[in-house]
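J.: So in this note's numbering, spot 198 of the sequence shown is number 179, and the numbers just go up one at a time.
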Amino acid sequence: MTNQRGFSLIELAIVLVIVTLLIGGLAVPLSAQIQARRIAETNKTMEEAREAIMGYAMTHSVDHDSDSTTPPRPYLPCPDSDGDGIENRDAASGNCTQDAGWFPWVTLGTAAQDAWGNRLRYASQPELTNSLAGFSNSTTPPPTGWYNVCSSQTCTPVDVAADVPVVLISHGPNGWGARNINSNTLANPTGANEIKNLDADNRYVSRAPAKPDDPSGEFDDLTNWLAFNLIINRVCPAGGCP
Ligand SMILES: [Ca+2]
Ligand SMILES: [Ca+2]
Ligand SMILES: [Ca+2]
-18 MTNQRGFSLI ELAIVLVIVT LLIGGLAVPL SAQIQARRIA ETNKTMEEAR
32 EAIMGYAMTH SVDHDSDSTT PPRPYLPCPD SDGDGIENRD AASGNCTQDA
82 GWFPWVTLGT AAQDAWGNRL RYASQPELTN SLAGFSNSTT PPPTGWYNVC
132 SSQTCTPVDV AADVPVVLIS HGPNGWGARN INSNTLANPT GANEIKNLDA
182 DNRYVSRAPA KPDDPSGEFD DLTNWLAFNL IINRVCPAGG CP
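Structure below.
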C-alpha cells in the first residue's frame, strides 16, 4: 500500500503567498529599471545632439565681411519652430525664426525623440546662430547675458552653469509641456522648476528629480547645455575663428 499525500490547503496557501511576494518584489525594480534605461538612453540622445550641433558649426560658415583674406566664421543651427524637424531661419536676416523651439533632428540627422516619444527642446542664442555674421573667438553675450542653468527656478545665485549659449531639454517621463511625435502638445507642467524649462526667460533648471509634494512641484526633466568655451575649443581650435 502506498502512503502518498498531497499538499494541505495551508501549505498551498503559504506557497501562494511566497510566490506573490516574489513576483511583487520583482515587478517594482523592473519598472524602475525600465525608467533608468530610458533616462540613460535619453542622456545619450542628448549627447549625440550636442555633437551634431558642433558638427553643424564645423561645416557651416560665412564670409561675414566679404573679405576672402579673413577666415569664414561658423554659426550654429536654428531651432525648428514648426515641428517638421527642419531648422527655421529667415534667409534675408540670417536670424533664427525663434531662439527656442524644437531640436532640428531632420537637419542634423539625429534621433527624432527622447525615450518617451517626445521632441527635445533646443534654445540657442542669436550671437552664435546668425548665418550672415557667424561667431568668433571673441564673441560675447549681450548685457542681458545668455542662458543661466540653476538648481532651482529662482536662479539666485546661478549655481549650475552661467551664460551658456545653448540649452537642450528633454521633458522627461511626465513629458509635461513637450510636443510628441504625433505633433500633440502634452499638458503644461505645474511645478515652478519645470515651468522654467518651458517659459521664454533665460533661466533653465537642472536638478535631481522631485516628487509632486516638493515645494517647487514635480520635476523630472533632463537638462543639457553647451558652454561657449567648449564650442570654441571644438569648432575653432587654436584660435581658428578670428
Ligand atoms: Ca521647421
Ligand atoms: Ca518633465
Ligand atoms: Ca526659461
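Even glycine gets a Cβ: it sits at the ideal position worked out from N, Cα and C. All figures in this text were calculated on a predicted structure; none of them were measured in a lab.
If you run the structure through DSSP and keep just helix, strand and coil, what is Phe209?
T.: Here Phe209 sits in helix by DSSP.
J.: Looking at C-alpha atoms only, which residue of Ser119, Thr135, Thr166 and Ser12 is the closest neighbour of Gly221?
T.: With distances taken between Cα atoms, Gly221 lies closest to Ser119.
J.: For a quick check, are the C-beta atoms of Leu203 and Thr91 less than 7 angstroms apart?
T.: No. Outside cutoff.
J.: Here's the rule I'm using: 16 or more other beta-carbon atoms within 10 Å means buried, otherwise exposed. How should Asp194 be labelled?
T.: When all chains shown are included, Asp194 counts as exposed.
J.: Starting from Tyr37, follow the alpha helix (DSSP H) in both directions and report where the run begins and ends.
T.: It spans Leu(-10) to Thr40 - the alpha helix (DSSP H) in which Tyr37 sits, taken as one unbroken run.
J.: Out of curiosity, what's the CA-to-CA distance linking Leu2 and Glu(-8)?
T.: The straight-line gap from Cα to Cα measures roughly 16 angstroms.
J.: For Val130, which residues of its own chain have a beta-carbon under 6 angstroms away from its beta-carbon, when the five flanking residues on both sides are left out?
T.: Excluding residues within five positions, the ones whose Cβ falls inside 6 angstroms are Val141, Ala142, Tyr185, Ser187 and Trp206.
J.: Going by the C-beta, is Arg184 closer than 6 angstroms to any heavy atom of ligand 3?
T.: Yes, the Cβ of Arg184 comes within 6 angstroms of a heavy atom of ligand 3.
J.: Hey, out of Arg19, Tyr103, Phe116 and Glu108, whose CA is closest to Asp95's CA?
T.: Comparing Cα-Cα distances from Asp95 to each of Arg19, Tyr103, Phe116 and Glu108, the minimum goes to Arg19.
J.: Since Ser105 and Arg70 are thought to touch, with beta carbons under 8 angstroms apart, how far apart are those beta carbons, to the nearest angstrom?
T.: That belief does not hold up - the Cβ atoms of Ser105 and Arg70 are roughly 11 angstroms apart, past 8 angstroms.
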